[in-house]
Amino acid sequence: MTSFTYKREPLDNTRRGICPSCLKDFNVVKSGAITRHGWEEAGRIVGEIGNGHQWGDCPGKGMRPLEETDIDAIRVLEGMALQIELSEKKLEKHENVSFASYSHSFTREAHKHDTEKTKAVHKFFAGRTDIETKIQDTRLKQSGARVHYAPAHRYTIDVPRGHKGLTLVHRIEYSGMDGTYFIFAEGETFTPGMSHLPGFDIPSWETLRQRHITSLKDFIEEVKARRKALTEAIEFHKENPSRGIEHVRR
Ligand SMILES: [Zn+2]
């Protein structure tokens with residue numbers, strides 16, 4: 091535990107103060123604490139694929155602004171140190187321990203006109219002995235003229251250690267007017283002259299392991315950068331006493 095280094099009178103609530111968590115300025119309430127506000131964390135979310143955004147209340151809500159004291163800011167710094175420590179431990183496990191499997195999930199719409207495709211996808215997974223797949227009913231948010239939710243399936247695949255991954259290929263076979271739908275893994279079935287459409291990928295165990303590693307490294311770097319910025323902001327406010335920022339009428 092580090093103790094605080096300065097404490098001044100609370101800001102009066104006609105002023106804005108700097109949030110000790112996100113370092114942006116917000117109105118303060120009667121007690122001088124930072125008012126409720128949201129925050130957005132851009133970047134990867136550990137365990138998810140690609141880039142995501144997290145929205146929510148900023149943890150700085152209710153904390154004392156940097157103009158008043160660094161008491162709460164130091165609590166934030168301690169929280170960051172813990173986040174870094176836990177993430178470094180996780181990172182070390184992914185780097186040094188060969189996990190038996192990694193989980194990979196994706197969601198697929200299950201439209202009424204799409205029943206044959208869905209059946210083919212389910213049949214494909216049911217027939218595999220190299221991977222285990224859990225299928226759950228879910229809904230997918232659709233934004234059109236008005237937002238609605240379409241029925242969908244969530245596939246969670248256990249990709250075992252050493253698995254090379256699969257590229258699934260769609261194939262439609264027509265007999266008369268009826269289209270029969272097949273799903274197969276590229277390289278496992280091949281019929282010359284057959285037309286197949288690209289489907290979707292199940293990443294290899296190693297790819298999934300690398301994604302976890304990259305995601306954790308990015309997260310650690312991001313928290314370190316925020317920790318550095320907050321440490322500098324504390325120093326600045328310690329050296330430069332201020333009564334906050336005037337409200338701007340818009
Ligand atoms: Zn904040």
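Residue numbers (my numbering): 91 to 340. Positions of the beta carbon are idealized from the N, C-alpha and C atoms, including for glycine.
- A residue is listed when its beta-carbon falls short of 5 angstroms from at least one non-hydrogen atom of ligand 1; in chain order these are Cys-109, Ser-111, Cys-112, Cys-148 and Gly-150.
- In the structure shown, Thr-104 adopts coil according to DSSP, grouped into three states.
- The alpha-carbon of Thr-208 is positioned some 6 angstroms away from that of Ala-200.
- Excluding residues up to 5 positions away in sequence, nothing lies with its Cβ nearer than 6 angstroms to the Cβ of Gly-234 in the same chain.
- Spanning the alpha carbons of Gly-122 and Lys-97 requires a straight line of approximately 13 angstroms.
- Under DSSP, Ser-294 takes part in no beta bridge, so it has no partner.
- Each residue's CA atom was taken as its position, placing Asp-115 and Gly-150 some 11 angstroms apart.
- Nearest Cα to Thr-197 within the set Ala-240, Arg-218, Glu-322 and Thr-257: Ala-240.
- Counting of Cβ neighbours within 10 angstroms places Glu-157 among the buried residues, the total reaching 16 or more.
- By the criterion of a C-beta distance shorter than 6 angstroms, Lys-224 is surrounded in its chain by Thr-246, once the five residues flanking it on both sides are discounted.
- DSSP places His-194 inside the beta strand (DSSP E), whose first and last residues are 191 to 199.
- Here Ala-190 is exposed, its C-beta having fewer than 16 other C-beta atoms within 10 Å.
- About 7 angstroms separates the Cβ atoms of Ile-108 and Ala-323, confirming a contact at the 8 angstroms cut-off.
- Within the same chain, and ignoring the five residues on either side of Pro-100 in sequence, the residues whose Cβ sits closer than 6 angstroms to its Cβ are Gly-122 and Glu-158.
- For His-184, the enclosing alpha helix (DSSP H) stretches over residues 161 to 186.
- A check of alpha carbon separations from Ala-242 across Val-211, Gly-252 and Val-249 identifies Val-211 as the nearest.
- Ile-273 is positioned such that its CB atom lies no closer than 8 angstroms to that of His-253.
- Judged by their CB atoms, Asp-248 and Ser-193 are nearer to each other than the 8 angstroms cut-off.
- With fewer than 16 neighbouring CB atoms inside 10 Å of its own CB, Ala-171 falls in the exposed class.
- Distances from the CA of Leu-181 to each of Ala-163, Arg-299 and Thr-104 were compared; the closest alpha carbon is that of Arg-299.
- Closest option to Phe-309, judged by alpha-carbon separation, among Gly-334, Arg-105 and Ile-174: Ile-174.
- At a Cβ-Cβ threshold of 8 angstroms, His-337 and Arg-106 count as neighbours.
- Annotation: Glu-312 to Leu-167 spans about 13 angstroms, alpha carbon to alpha carbon.
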